[in-house]
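Engineer: In our numbering, each number is its position in the sequence shown, counted from 1, plus 22.
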Amino acid sequence: MSPERWLLAGVATVAVSVFAGCSDDAATSDGRLQVATTVAPITSIVANIGGDRVKITGIVPEGTNSHTFEPKPSDAELLSRADVMFINGLKLEDPTRDLAEQNLKDGADIVELGTKSIPPSQYAYDFSFPKSGGKPNPHLWTDPKYALRYAAVVRDELVKRDPADAAYFDANYAKFKTKVGALDTAMRTSFATIPRAQRKLLTYHDAYAYFGRDYGWDIIGAIQVSDFEDPTPKEVAGLIDQIKRARVPAIFGSEVFPSPVLAEIGKEAHVKYVDTLRDDDLPGKPGDPDHSWMGLMHFDYETMVEAMGGDASALKAFKPANVVADTASYPQ
Ligand SMILES: [Zn+2]
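1) Spatial neighbours of D8 within its chain, please: C-beta separation below 6 Å, excluding the five flanking residues on both sides.
2) I273 and I262: beta carbons closer than 8 Å?
3) So G309 is in the beta strand (DSSP E); what residue range does that whole segment cover?
4) Do you know how far the Cα of A350 is from the Cα of A196?
5) For S45, does the three-state DSSP call read helix, strand or coil?
6) Compare the Cα-Cα distances from V136 to each of T225, A347, D236 and Y232 and report the closest residue.
7) Is Y147 helix, strand or coil by DSSP?
8) Under 8 Å between the Cβ atoms of L223 and G234?
9) Looking only at DSSP bridge pairs, what is S276 linked to?
10) Would you check if the distance between the CB atom of R11 and the CB atom of V106 is smaller than 8 Å?
11) Tell me whether S88 counts as near ligand 1, meaning its Cβ is closer than 7 Å to at least one heavy atom of that ligand.
12) Can you list the beta strand (DSSP E) stretches of 3 or more residues lying completely in the region 69 to 112, in chain order?
13) Buried or exposed: S96, going by 16 or more other Cβ atoms within 10 Å of its Cβ?
14) Specify, as a first and last residue, the run of the alpha helix (DSSP H) that G288 falls within.
15) I'd like to confirm something about D116: is its beta-carbon nearer than 7 Å to some heavy atom of ligand 1, or not?
16) Helix, strand or coil for T325 per DSSP?
17) Opposite K222 in the DSSP bridges: which residues?
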């Protein structure tokens, strides 16, 4: 039995009291709302609203596969102190959710940002997330429209739990909304330089389904199959045919999921392969100016436009920035 399962088996409370007794900063509440988050883009969105009035700690280390991530037993201690936990939902972080349910204190809640931002009738099921698997595509945050909804849910929850700082959270949300609007404009301006019929995306990791719907890109396939393994040789041959038929100039890999098969497919299909897209690993290091959800969007969409032969100057002119200093903890 893994340590995680062992914790879930009902002894979590005992384990937590042991951790709390020996950890230096445990339970030393500084008076601020204690917030736990999962993946880095969510941590960044929460940090833009909460600023330094709340203490924000992420759980999923950057650069790991968030879809198969299992929390460490020591994360139970962090969760036991949290007042609120923001997760994506849409079944992305079920093991972490389970650990939270076992360990959150009375009055603490899990808030599923994705689940609150889209009705189930609009869930995307596709190549890597087939309906038969029961898990919808969870990547709403790569679409600025949904990221802004996440921010609104965060604002409402923080206002409810810390009404004294309501004006601060409201002001941060307003600034964030303005900045997301400018990003949206830069994205649309840059995308418009690529003829609509040529906006076809074939990615390794299937993280752009909702983005594609809202920004007029056809997602023609994903290389990564639903069990997060590489495709079989037969599937690879099918993908090469598909890429040739679609006549796309480039296909896109994921920095989080390096795969030699992608290079092979690019070579065989005679297209550029760009393996630097990222869906939940923020650019740079914590503290860097582009280490943010907005920096992530800026990087991905500028990369996409340039590889597809478009003019990314509107995106290049956009400066991603947090609306308040980011004091959240991002595990690496
Ligand atoms: Zn992902």
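All residues carry an ideal CB built from backbone N, CA and C; glycine is no exception.
Structural biologist: Let's see:
1) For the chain, the structure presents residues 23 to 354; residue 8 sits outside this window and is missing.
2) no
3) First-last for G309: undefined, no H or E at that position.
4) 20 Å
5) Only weak support is given to the placement of S45: the predicted model assigns it a pLDDT of 40, under 50, and the value that follows is read from those uncertain coordinates. Three-state result, S45: coil.
6) This sequence places Gly at residue 136; Val is not what is there. Answer by Cα proximity: Y232.
7) coil
8) yes
9) L299, per the DSSP bridge assignment.
10) This structure cannot speak to residue 11, because the chain is shown only from 23 to 354.
11) S88: yes, Cβ under 7 Å from ligand 1.
12) 76 to 80 and 106 to 109
13) Per the 10 Å Cβ criterion, exposed.
14) P282 to A291
15) no
16) helix
17) D240
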